[in-house]
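Undergrad: Let me give you the structure first, and then I'll get to my questions.
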Amino acid sequence: MESNYVVARKPKGWGARHTLAILGFWGMAVSYAMRFNLSIAIVAMVGYGTKNSKANVTQLQTCSHLLHDAEESNSSSQEYTSSKHEDIGEFDWTPAEQGFILGTFFWGYVATQLIGGILASKFGGKWLFGIGLFVTAIFALLTPAAARTHKYLMIAVRVVQGMGEGVTMPAMHTILAKWAPAQEKSTMTSIVFAGTNFGTAATLIISGYLIDGNVFGGWPSVFYVFGGVSIIWFILWCFLMHETPADHPSIDAFELSYIQKSLGTPATTSSKKSPIPWTSIVTSLPVWAIQVAHAGHAWGLYTLLAQIPTYMKTVLHFDIKQNSWMSATPYIVMWIVSIFVSQIADALVAREIVRTVVVRKVAQAVSQLGPAIALIAASYSGCDRYLTVALITVGVGISGVVYAGFIANHPEVSSNYAGILMGITNTFANLCGFGAPYVAGLIINENPSLENWQLVFFLAAGIYISSAVFYAIFGSATQQPWNNPTEKEPIAIEAPVAYMKGKDLGN
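Under the working numbering, the first residue of the sequence shown carries the number 391, and numbering increases by one thereafter.
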């Protein structure tokens, strides 16, 4: 097969697409900050009540020498006083209830994934992404009042926040499908989605200091600060972001031509919409490969995001500031890894050193097998604080390679339905968002022992490994025939190097 597309010469200097990438990065950062700030806040929100009596006894017995060492080293310091204050929380929630509450965000998140993909496909992603985060920010500001009113009102607020953020992933994939040149796909994708790791790390670190410093009453400040910052971001997004390159009032003509030629079609908003080929999508093995990889990644990630701060407190006995840093460090490493690996992946593909499909499969395997091995090793590290943190950091850091894996794969399988594909895969993957913390809570409920935490880590490792194998067998980087259902002779091309004239790279 021969493609008619050619690679345009890359414009020099700062372009409109770079502004989009930075706005997208910060959008993802505030998104994940609001999503996971409860993971560290809940450590200070929950205290030693009657419901937690059994769990507290086990907690004090687990790695008890670490607790005694901390008491001896900090007995005369203010740090010790503040760390003791952590245990006088307002809410008497069991570990199972905490896991349940941590997961309720994903009820709403899952509910709006698919509709978000459909809306983004029909109307574009700019306003869908922006308004989704604006709604999440408003309800972040309401979280402390809701929690103090009733547990179920707190749950309702988290569900609404999830609904607001549920449309953001498919909306962003729709935006990137219109803005990211084929030769820069992995790099732009990694820059934007690296905001998720940055936001996670930032919220864990900043939240620890806000709580410890008793700013705005301690833990409530976590929700006030990140909700407020998100509203400021929304204002910038409204004025600086444009739906497509062709809609941008001041884009350089050379950059516009570069993006359009690279993508193969003019990047404009079309009023003519083809019927969505649902049957072809749900029966496509490449789509199933992305789905399984996405779900496996999500289970492991959400197990760590939701439960690591609790593990750091109940097993390794870090105080709130130490906890925030130790919990955040893995995501700082993941952020750095994602940027460098994606640039390497783009270079390998652009120079035709390695086919796109090989890059995706290798990246996915590394991003899931690495964390699996690290989690298994961490489960045997016992009470060795810093070995455990090092292993978790390495594991989560390696998972940053995923940004050159399935995350960049949706528009390669179908550029026209990239948002819908993300809506589908993110819907089922994020069932893990409330499944993983809830299952972990059930396993460790009333008995947060090393043995039970080992079960949590082994379960995540097993899911990582099995999903990586499935993607390696069935993954693809080929535009599927159903991507252009109205064409009589649909063309399957591998993205992105197949855009070069005369190249037929196959699957």
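Glycine included, each C-beta is placed from N, C-alpha and C at the ideal position.
In this text the structure is predicted, and so the values were computed from the model without any measurement.
Rounded to whole angstroms, what's the CA-CA distance from residue 638 to residue 632? Just pull it up for me.
TA: Cα-Cα distance, rounded: 6 Å.
Undergrad: In this structure, does DSSP put residue 481 in helix, strand or coil?
TA: In the structure shown, residue 481 sits in a strand (DSSP, three-state: E or B).
Undergrad: In chain order, what residues of the same chain lie with their CB nearer than 7 Å to the CB of residue 532, ignoring the 5 residues before and after it?
TA: For residue 532, where only same-chain residues beyond five positions count, the Cβ hits under 7 Å are 547.
Undergrad: Within the continuous alpha helix (DSSP H) that includes residue 573, where are the two ends?
TA: It is not in any alpha helix (DSSP H) - residue 573 carries neither H nor E in the DSSP assignment.
Undergrad: Could you tell me if residue 657 is buried or exposed, where buried requires 16 or more neighbouring beta carbons within 10 angstroms of its beta carbon?
TA: Note that residue 657 has pLDDT 43, beneath the 50 cutoff, so the model's placement of it is unreliable and the number below is only indicative. Residue 657 should be labelled buried.
Undergrad: Considering only the beta carbon of each residue, do residue 759 and residue 858 sit closer than 8 Å?
TA: Contact: yes.
Undergrad: Going by CA-CA distance only, name the one from 552, 570, 793 that's closest to residue 750.
TA: The candidate whose alpha carbon is nearest that of residue 750 is 793.
Undergrad: To which residues of the same chain is residue 591 closer than 6 Å at the C-beta, ignoring the five residues directly before and after it?
TA: Once the five neighbours on either side are set aside, the close Cβ partners of residue 591 are 718, 721, 722.
Undergrad: With a 10 Å radius around its C-beta and 16 neighbouring C-beta atoms as the bar for buried, classify residue 540 as buried or exposed.
TA: Classification for residue 540: exposed.
Undergrad: By alpha-carbon positions, which one of 800, 848, 734, 855 ends up nearest to residue 756?
TA: Closest by alpha carbon: 855.
Undergrad: Assuming residue 798 and residue 784 make a contact with CB atoms under 8 Å, what is their CB distance in whole Å?
TA: Between residue 784 and residue 798 the Cβ distance is about 23 Å, and since that is not below 8 Å, they are no contact.
Undergrad: In the structure shown, what three-state DSSP assignment does residue 634 receive?
TA: Coil at residue 634, not helix or strand.
Undergrad: Assuming residue 421 and residue 558 are in contact, meaning their beta carbons sit under 8 Å apart, how far apart are those beta carbons, in whole angstroms?
TA: Between residue 558 and residue 421 the Cβ distance is about 6 Å, and since that is below 8 Å, they are a contact.
Undergrad: Return the first residue and the last residue of the alpha helix (DSSP H) that residue 844 is part of.
TA: That run of the alpha helix (DSSP H) goes 840-864.
Undergrad: Is DSSP giving residue 436 helix, strand or coil here?
TA: Residue 436 falls in the strand class under three-state DSSP.
Undergrad: DSSP state of residue 409, grouped into three classes?
TA: The answer is helix: DSSP assigns residue 409 an H, G or I state.
Undergrad: Assuming contact is defined by CB atoms lying nearer than 8 Å, are residue 835 and residue 486 in contact in what I supplied?
TA: Yes, Cβ-Cβ distance for residue 835 and residue 486 is below 8 Å.
Undergrad: I'd like the list of long-range same chain contacts for residue 791, defined as Cβ closer than 7 Å, with 5 residues on each side in sequence excluded.
TA: Cβ within range, chain order: 727, 731, 753, 756, 757.
Undergrad: Please report the distance separating the alpha-carbon of residue 522 from that of residue 782.
TA: The alpha-carbon atoms of residue 522 and residue 782 are separated by roughly 32 Å.
Undergrad: Cutting at 8 Å between CB atoms, please list the residues of its own chain near residue 645, excluding the five before and the five after it.
TA: Excluding positions up to five away in sequence, the list reads 401, 405, 406, 407, 635.
Undergrad: Pull up the CB-CB distance for residue 593 and residue 426, whole angstroms please, since I reckon it's below 8 Å.
TA: About 6 Å separates the two Cβ atoms, so the contact holds.
Undergrad: Just tell me which of 816, 649, 483 has its CA closest to the CA of residue 496.
TA: Considering only alpha carbons, the answer is 816.
Undergrad: Are the CB atoms of residue 713 and residue 806 within a distance shorter than 8 Å?
TA: No, the pair does not count as a contact, with Cβ atoms beyond the cut-off.
Undergrad: Use the C-beta contact count for residue 629: other C-beta atoms within 10 angstroms, 16 or more gives buried, fewer gives exposed.
TA: Under this definition residue 629 is an exposed residue.
Undergrad: Is it buried or exposed for residue 410, if we count other Cβ within 10 angstroms and need 16 for buried?
TA: By the neighbour-count rule (16 or more Cβ atoms within 10 Å), residue 410 is buried.
Undergrad: Using beta-carbon positions only, say whether residue 489 and residue 827 come within less than 8 Å of one another.
TA: In contact: residue 489 and residue 827 (Cβ atoms closer than 8 Å).
Undergrad: DSSP three-state label for residue 673, please.
TA: Note: residue 673 maps to coil in three-state DSSP.
Undergrad: Would residue 741 pass as an interface residue toward chain C - the criterion being a Cβ-Cβ separation below 8 Å?
TA: Given the protein chain composition of this structure (a single chain), no chain C is represented.
Undergrad: Hey, how far is the Cα of residue 669 from the Cα of residue 582?
TA: When rounded, the distance between both Cα atoms is 31 Å.
Undergrad: Please report the residue range of the alpha helix (DSSP H) in which residue 706 lies.
TA: Where residue 706 is concerned, there is no enclosing alpha helix (DSSP H), given that its DSSP letter is neither H nor E.
Undergrad: Flag this pair as yes or no: are the beta carbons of residue 585 and residue 527 separated by less than 8 Å?
TA: In this structure, residue 527 does not lie closer than 8 Å to residue 585 by Cβ.
Undergrad: Could you pull the start and end residues of the alpha helix (DSSP H) that residue 766 belongs to?
TA: 746-769 is the span of the alpha helix (DSSP H), which, as asked, contains residue 766.
Undergrad: Quick one: what does DSSP say residue 489 is sitting in, helix, strand or coil?
TA: Note: residue 489 maps to helix in three-state DSSP.
Undergrad: Alpha helix (DSSP H) containing residue 546: first to last residue?
TA: Run containing residue 546: 541-556, per the alpha helix (DSSP H) assignment.
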